Amino acid sequence: MGLSMLLSVCSEYGIEHDIKYNSTKSNVMIFSCKKLKDIHIPNFLLNGETLPRVSKYKHLGHVITEDLCHSDDISRQYKRIYAQGNALIQKFYMCTESVKCTLFKSYCTSLYTCQLWCCCRAESMRKLCVAYNNVFRFLCNEPRDCSASCMFVSRGLPTCKMLIRKKCV
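Written out as structure tokens, the structure is:
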């Protein structure tokens with residue numbers, strides 16, 4: 001009821017002030033709890049057009065889901081780490097180790113929106129750390145059985161968990 005009234009007021013305001021709202025770029029996401037899962041959700045209108053209901057949406061680069069679980073955003077992040085890392089490995093395989101470390105730090109340690117990852121599956125975080133470790137391991141030609149923490153600490157770089165803790169403080 002409240003959201004419908006708010007959208008109605010916005011539509012009226014837009015008509016009065018010659019403002020057009022783009023209803024194709026607007027979506028509705030319902031964050032529901034288990035107790036209210038059987039409740040009927042009405043259609044919401046903006047400028048007479050029904051707004052689509054979505055279960056996940058990308059806003060400012062962060063994937064928001066209706067269950068408020070951040071596994072989709074973490075998945076986006078580790079795929080990005082693999083993509084950036086593969087580009088670094090292919091283009092800069094002949095560079096010195098210090099250059100590779102600087103490039104890795106610049107391109108693979110920017111975990112934007114990780115401060116929002118309060119509720120996620122342990123499997124998603126494990127995959128993120130594996131991606132982070134593997135990319136650096138391949139970039140520096142380290143064997144697969146070497147210690148990840150020693151690999152980072154010996155070069156003055158943060159481990160995956162250190163990086164997330166540092167960004168969240």
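In UniProt numbering, the protein residues as written are 1 to 169. Positions of the beta carbon are idealized from the N, C-alpha and C atoms, including for glycine. Quick caveat, the model's predicted, so the values are computed rather than measured.
Go through its chain and collect everything with a Cβ distance to residue 81's Cβ below 7 angstroms, but skip five positions before and after it.
On the sequence shown, residue 81 is found 81 positions in, with the first residue counted as 1. Excluding sequence neighbours, residue 81 sits near 108, 131, 132 and 135.
Assuming residue 160 and residue 128 are in contact, meaning their beta carbons sit under 8 angstroms apart, how far apart are those beta carbons, in whole angstroms?
Against the sequence shown, residue 160 aligns to sequence position 160. Against the sequence shown, residue 128 aligns to sequence position 128. Rounded, the Cβ-Cβ distance is 7 angstroms, consistent with contact.
Count the other C-beta atoms from every protein chain shown that fall within 10 angstroms of the C-beta of residue 31, then say buried if there are 16 or more, exposed otherwise.
By 1-based counting over the sequence shown, the position of residue 31 is 31. Exposed.
Would you tell me roughly how many angstroms separate the C-alpha atoms of residue 50 and residue 43, rounded to the nearest one?
Taking the sequence shown and counting its residues from 1, one reaches residue 50 at position 50. Taking the sequence shown and counting its residues from 1, one reaches residue 43 at position 43. Rounded to whole angstroms, residue 50 to residue 43 spans 6 angstroms at the Cα level.
Buried or exposed: where does residue 77 fall if 16 or more other Cβ atoms within 10 Å of its Cβ makes it buried?
Indexing the sequence shown from 1 puts residue 77 at position 77. Label assigned to residue 77: buried.
For residue 165 and residue 114, what's the separation of their Cα atoms in angstroms?
Looking up residue 165 in the sequence shown gives position 165. Looking up residue 114 in the sequence shown gives position 114. One C-alpha to the other measures close to 9 angstroms.
In terms of residue numbering, what span does the beta strand (DSSP E) encompassing residue 93 cover?
Within the sequence shown, residue 93 is the residue found at index 93, counting from 1. Counting along the chain, residue 93 falls outside any beta strand (DSSP E), and DSSP gives it neither H nor E.
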